[in-house]
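Undergrad:
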Amino acid sequence: MRSRRKERVVDKRQRSFDRILSWLYILFILFAAALIIHLFFIQVIDIKKYRVKARNQRASRNFAVRGDIYDRTGLKLATDKVFYNVFARRADYDDEESSPEVIAKKLAPILKVSKEDLLKKLNSPNQIIAVKKDIDRNTAKQIAKLHLRAISLDKKNTREYPQGTLAAHVLGYYNFDADIANGVEYTEKDKLEHVENIVTFQRTQKGKIIYDFMTDPVATATNPKGQDVTLTIDAAIQHICEKELEKMVNEKEALRGTVIVMNPKTGEILAYAVYPNYDPNNFRKASPNLIKNWTLTDVFPPGSTFKVITVASAMELGKINENSKILDTGKTTIGNWLIKNYDYDVHPYPGNISLQYLFEHSSNIGAINVARTMKPKEFYDMLQKFGYGEKTGIDLPGESSGLLPYYSYWDEGIHATMSYGYGTSVTAIQMISAVQALANNGVRITPHVIKYSPEEAAAKIKKVQVVSPETAHSITKLLTASVNNGRSILKMDNYNVAAKTGTSRKPRENSVGYTPFMYTSTIGYLPSSDPQILVYVMVDSAKVGAIWGNTVAGPVFHEVTTQIARMLNLKPDKVVQPKKIN
């Protein structure tokens with residue numbers, strides 16, 4: 114009885130096990146069928162999808178290099194330089210041909226290092242070993258021909274400035290590591306990095322190119338390149354300006370200076386010298402203050418060069434005309450302030466003076482009385498039309514709006530000092546932009562350093578009629594006569610020059626009052642009959658000799674204009690009277 118019961122229990126367990134095994138068998142068959150169906154979909158139905166996915170995982174493309182920057186004559190000012198870093202992989206030291214000893218023996222003469230030093234480096238415990246950085250393309254090609262499995266080449270690029278410090282503050286710099294730029298490198302970043310057709314190809318896990326019928330062998334070996342940019346800058350004129358500026362700054366032991374040359378008919382800047390400068394090839398060694406284009410960011414009282422704007426404003430408003438006489442008492446008192454002409458000791462009471470005399474003798478009192486013919490709002494509105502108190506729109510980063518107090522805040526003192534360049538603070542680019550209108554029949558044009566196509570120029574270059582052509586011509590005539598009638602350094606033998614010098618005291622930073630130093634400046638254009646070049650010179654804090662616009666900035670202006678006129682072969686407009694023979 115017990116044996117039967119035991120047999121039934123065993124039989125029951127056997128049947129239960131058989132059922133479980135059957136279900137497992139069925140589940141295995143279902144899993145296998147599902148797997149086969151899944152693989153069928155992957156390999157047959159969705160094969161294109163997974164091919165694309167695999168191709169995307171292997172997809173690669175050469176990095177794009179930035180476009181080049183040229184001056185207006187085609188001289189290259191900025192370009193990308195491709196270089197390579199050499200690395201070794203310890204995981205690939207797996208045979209005799211890939212041993213550190215063999216690699217060192219083959220690479221040492223190419224890299225121009227000793228075999229012992231290279232072997233020591235290759236035996237480093239690191240998995241990825243930096244063998245050498247910044248090798249050139251030819252060296253990289255020699256290494257590639259060795260077909261060393263343990264050696265890889267990492268392609269990099271850097272920005273190079275073939276002309277060194279020339280036009281550094283216009284070009285700026287580009288930092289590939291941080292993607293930071295300045296100057297034109299910043300404002301034209303999108304264009305310099307824009308690539309029309311990007312070619313992609315596939316690489317293996319170890320970085321080797323997979324060639325098929327669709328692979329272009331030329332494209333795989335060529336880096337796509339961004340668009341080139343051409344500047345309005347003329348490198349030869351730029352060199353002249355930088356050389357003459359540096360010479361004067363050193364001679365006068367000045368703090369800094371600038372020379373800006375513009376074509377007044379187009380607003381194109383032919384030269385933009387800023388001193389001290391720096392080498393954009395080594396921008397990391399330059400301080401932020403050295404890299405900053407202070408002629409765009411820093412403001413200063415323009416001094417007597419502003420008298421040109423004061424007279425032009427009053428003339429445009431019909432308050433005075435070319436033949437007007439202005440009372441010049443030599444000195445005056447406004448509130449607690451005594452204001453007098455710089456030559457008061459020589460000409461204590463000039464009386465009724467002409468506008469030519471006002472410019473020639475740089476009369477402060479004459480300028481004040483011209484300004485008094487205008488109401489504060491009238492004068493303010495004219496200054497705004499000349500572009501003061503707002504950005505010029507130049508295609509360089511960091512421009513300041515300057516400081517032009519609103520007319521409702523003007524008291525008698527501000528109204529008076531505004532007339533001779535102390536009531537407002539301007540940037541260097543604002544000053545040349547304002548005078549450009551007078552040299553261009555009264556039309557102010559957005560200053561720019563980039564050579565635009567007609568379509569780009571229509572969108573980016575603005576033109577504003579500031580004064581009438583008649584007013585502009587009258588101011589030009591008066592300025593020219595004041596230069597020719599005096600003994601100014603600005604006078605030229607073959608050209609009539611419309612120009613004005615200026616000297617202003619340098620305010621203290623973050624406090625009231627003035628320092629012992631001066632801003633000296635000169636601005637003018639020539640030939641007066643048909644202006645082709647407009648030049649602005651400003652030197653900050655000269656310390657040696659006579660410190661005046663005529664003695665510091667004036668000689669730079671004269672030398673620069675003389676050389677540029679010869680270089681551009683400008684047509685003389687001055688008739689030289691023959692000397693009388695007794």
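The sequence shown finishes on residue 695 if you use our numbering, and the numbering steps up by one all the way, no holes. No residue lacks a Cβ here, since even glycine has one placed at the ideal position from N, Cα and C.
#1: Just checking my contact of Q433 with T486 at CB under 8 angstroms: how many whole Å lie between their CB atoms?
#2: Using three-state DSSP, classify Y138 as helix, strand or coil.
#3: Quick check: the segment 271-285 against the segment 527-544, are there 3 or more CB pairs under 8 angstroms?
#4: Taking 7 angstroms as the cut-off, is the beta-carbon of L639 closer than that to any non-hydrogen atom of the ligand FMN?
#5: What are the start and end residues of the alpha helix (DSSP H) that includes S532?
#6: Let me see if you follow: with CB-CB separation under 8 angstroms, is V596 close to chain D or not?
#7: Excluding five sequence neighbours on each side, which residues of the same chain lie with their C-beta closer than 6 angstroms to the C-beta of S654?
#8: So what does S634 bridge to, in DSSP terms?
#9: Does the distance from the C-beta atom of Y206 to that of A294 stay below 8 angstroms?
#10: Just to confirm before moving on: does the CB-CB distance between S634 and A666 stay below 8 angstroms?
#11: Do you know how far the Cα of K304 is from the Cα of L143?
#12: Under 8 angstroms, do L383 and D347 count as touching if we go by C-beta distance?
#13: Report buried or exposed for S173, applying the criterion of at least 16 other Cβ atoms within 10 angstroms of its Cβ.
#14: How long is the line joining the alpha carbons of L683 and V652, rounded to whole angstroms?
#15: Would you tell me roughly how many angstroms separate the C-alpha atoms of S437 and Y627, rounded to the nearest one?
#16: Which parts of the segment 473-516 are runs of the alpha helix (DSSP H), unbroken and 4 residues or longer, counting only runs that do not cross its ends?
#17: CB-CB under 8 angstroms to A585, same chain, minus the five flanking residues each way: which ones, in chain order?
#18: Rounded to a whole number of angstroms, what is the C-alpha to C-alpha distance between A281 and E568?
#19: Run through DSSP, which three-state label would V577 get?
#20: Let's test the definition: count the other Cβ atoms within 10 Å of the Cβ of F153 and tell me whether it reaches 16, buried, or not, exposed.
#21: Between the alpha carbons of D292 and G515, how many angstroms are there, rounded?
#22: When DSSP labels each residue in this structure, what does H586 get in the three-state scheme?
#23: In chain order, what residues of the same chain have a beta carbon less than 7 angstroms from the beta carbon of F396, not counting five sequence neighbours either side?
#24: If I follow the unbroken beta strand (DSSP E) through D441, where does it start and stop?
#25: I223 lies in the alpha helix (DSSP H); which residues open and close that run?
#26: With a threshold of 16 other CB atoms inside 10 Å of the CB of H671, please say whether the residue is buried or exposed.
#27: Rounded to the nearest angstrom, what separates V387 and E355 at their Cα positions?
#28: If you reduce the DSSP assignment to three classes, tell me which class A281 lands in.
#29: Based on the DSSP secondary-structure assignment, which residues constitute the bridge partners of F196?
#30: Kindly list the residues whose CB is nearer than 7 angstroms to the CB of E473, restricted to its own chain and excluding five residues on each side of it in sequence; keep chain order.
#31: Please classify D184: is it buried, with 16 or more other beta-carbons within 10 angstroms of its beta-carbon, or exposed?
#32: Contact defined as beta carbons within less than 8 angstroms: I believe E381 pairs with T345. What is the distance between those atoms, to the nearest angstrom?
#33: Which stretch, first to last residue, makes up the alpha helix (DSSP H) that contains Y519?
#34: Closest to L220 by CA distance: which of R250, T186, A257, L190 is it?
#35: Compute the distance between the beta-carbons of Q697 and I353, then report whether it is under 8 angstroms.
#36: Runs of 4 residues minimum, wholly inside the segment 392-424: which ones carry the alpha helix (DSSP H) assignment?
TA: Answer, in terms of the structure:
#1: Residue numbering aside, residue 433 sits at position 320 when the sequence shown is read from its first letter. Residue numbering aside, residue 486 sits at position 373 when the sequence shown is read from its first letter. It is worth fixing the name first, because residue 433 is Ile in this sequence and not Gln. About 6 angstroms separates the two Cβ atoms, so the contact holds.
#2: To locate residue 138, count along the sequence shown from 1; it is residue 25. Reduced to three states, the DSSP call for Y138 is helix.
#3: no
#4: No copy of the ligand FMN appears in this structure; indeed no ligand is present at all.
#5: To locate residue 532, count along the sequence shown from 1; it is residue 419. Residues 525-532.
#6: Here there is only one protein chain, and chain D is not present.
#7: Along the sequence shown, read from residue 1 onward, the residue named residue 654 stands at position 541. Close CB contacts of S654 within its chain, under the 6 angstroms cut and outside five residues either way in sequence, are with A367, L368, F630 (chain order).
#8: As a first step, residue 634 is located in the sequence shown; it is residue number 521 there, counting from the start. Paired residue(s): G615, M651.
#9: The count along the sequence shown starts at 1 and reaches residue 206 at position 93. The count along the sequence shown starts at 1 and reaches residue 294 at position 181. Against a cut-off of 8 angstroms, the Cβ pair of A294 and Y206 comes out as no contact.
#10: Sequence index remark: in the sequence shown, residue 634 carries index 521 (1-based). Sequence index remark: in the sequence shown, residue 666 carries index 553 (1-based). In this structure, the beta-carbon distance from S634 to A666 falls below 8 angstroms.
#11: Here residue 143 refers to the residue found at position 30 when the sequence shown is read from its first residue. Here residue 304 refers to the residue found at position 191 when the sequence shown is read from its first residue. Roughly 60 angstroms between the two C-alpha positions.
#12: To locate residue 383, count along the sequence shown from 1; it is residue 270. To locate residue 347, count along the sequence shown from 1; it is residue 234. Note that the C-beta distance between L383 and D347 is below 8 angstroms.
#13: On the sequence shown, residue 173 is found 60 positions in, with the first residue counted as 1. Bear in mind that a pLDDT of 42 at S173, under 50, signals an unreliable position, so the model cannot answer this.
#14: The count along the sequence shown starts at 1 and reaches residue 683 at position 570. The count along the sequence shown starts at 1 and reaches residue 652 at position 539. For L683 and V652, the distance between alpha carbons rounds to 27 angstroms.
#15: Counting from 1 along the sequence shown, the entry for residue 437 is found at position 324. Counting from 1 along the sequence shown, the entry for residue 627 is found at position 514. Their backbone Cα atoms lie some 34 angstroms apart in a straight line.
#16: 477-484, 489-498
#17: For this step, residue 585 is matched to residue 472 along the sequence shown. These residues qualify, in order along the chain: A425, A550, L551, A552, N553, N554, G555.
#18: As a working note, residue 281 is residue 168 in the sequence shown. As a working note, residue 568 is residue 455 in the sequence shown. If I take the Cα positions, the gap works out to 28 angstroms.
#19: Locating residue 577 in the sequence shown gives position 464, counting from the first residue. Strand, per DSSP.
#20: By 1-based counting over the sequence shown, the position of residue 153 is 40. A residue is called buried when at least 16 other Cβ atoms come within 10 angstroms of its Cβ; F153 does not meet this threshold and is exposed.
#21: Within the sequence shown, residue 292 is the residue found at index 179, counting from 1. Within the sequence shown, residue 515 is the residue found at index 402, counting from 1. When rounded, the distance between both Cα atoms is 30 angstroms.
#22: By one-based count along the sequence shown, residue 586 stands at place 473. Assignment of H586 by DSSP, reduced to helix, strand and coil, places it in the helix class.
#23: Walking along the sequence shown from the start, residue 396 turns up at place 283. Once the five neighbours on either side are set aside, the close Cβ partners of F396 are Y286, I404.
#24: For the purposes of this step, residue 441 is taken as residue 328 along the sequence shown, with counting starting at 1. Counted as a single uninterrupted DSSP element, the beta strand (DSSP E) harbouring D441 occupies residues 438-441.
#25: Taking the sequence shown and counting its residues from 1, the one referred to as residue 223 is at position 110. Here the alpha helix (DSSP H) through I223 covers 213-224.
#26: Along the sequence shown, one-based indexing puts residue 671 at 558. Buried: at least 16 other Cβ atoms inside 10 Å.
#27: Within the sequence shown, the letter at position 274 stands for residue 387. Within the sequence shown, the letter at position 242 stands for residue 355. Going from the Cα of V387 to the Cα of E355 covers about 7 angstroms.
#28: Residue 281 sits at position 168 when you count from the first residue of the sequence shown. It is helical.
#29: Looking up residue 196 in the sequence shown gives position 83. According to DSSP, which records beta bridges pairwise, F196 is partnered with K269.
#30: The residue you call residue 473 lines up with position 360 of the sequence shown. The answer, listed in chain order, is S595, N598, G599.
#31: In the sequence shown, the residue the question calls residue 184 occupies position 71. So D184 counts as buried.
#32: As a first step, residue 381 is located in the sequence shown; it is residue number 268 there, counting from the start. As a first step, residue 345 is located in the sequence shown; it is residue number 232 there, counting from the start. The pair is a contact, with the Cβ atoms about 4 angstroms apart (cut-off 8 angstroms).
#33: The sequence position of residue 519 within the sequence shown is 406, counting from 1. Y519: not part of any alpha helix (DSSP H); DSSP gives it neither H nor E.
#34: On the sequence shown, residue 220 is found 107 positions in, with the first residue counted as 1. Nearest of R250, T186, A257, L190 to L220, Cα basis: A257.
#35: Because the chain spans 114 through 695 in this model, residue 697 falls outside it and cannot be assessed.
#36: Here the runs fully enclosed are 401-404, 407-410.
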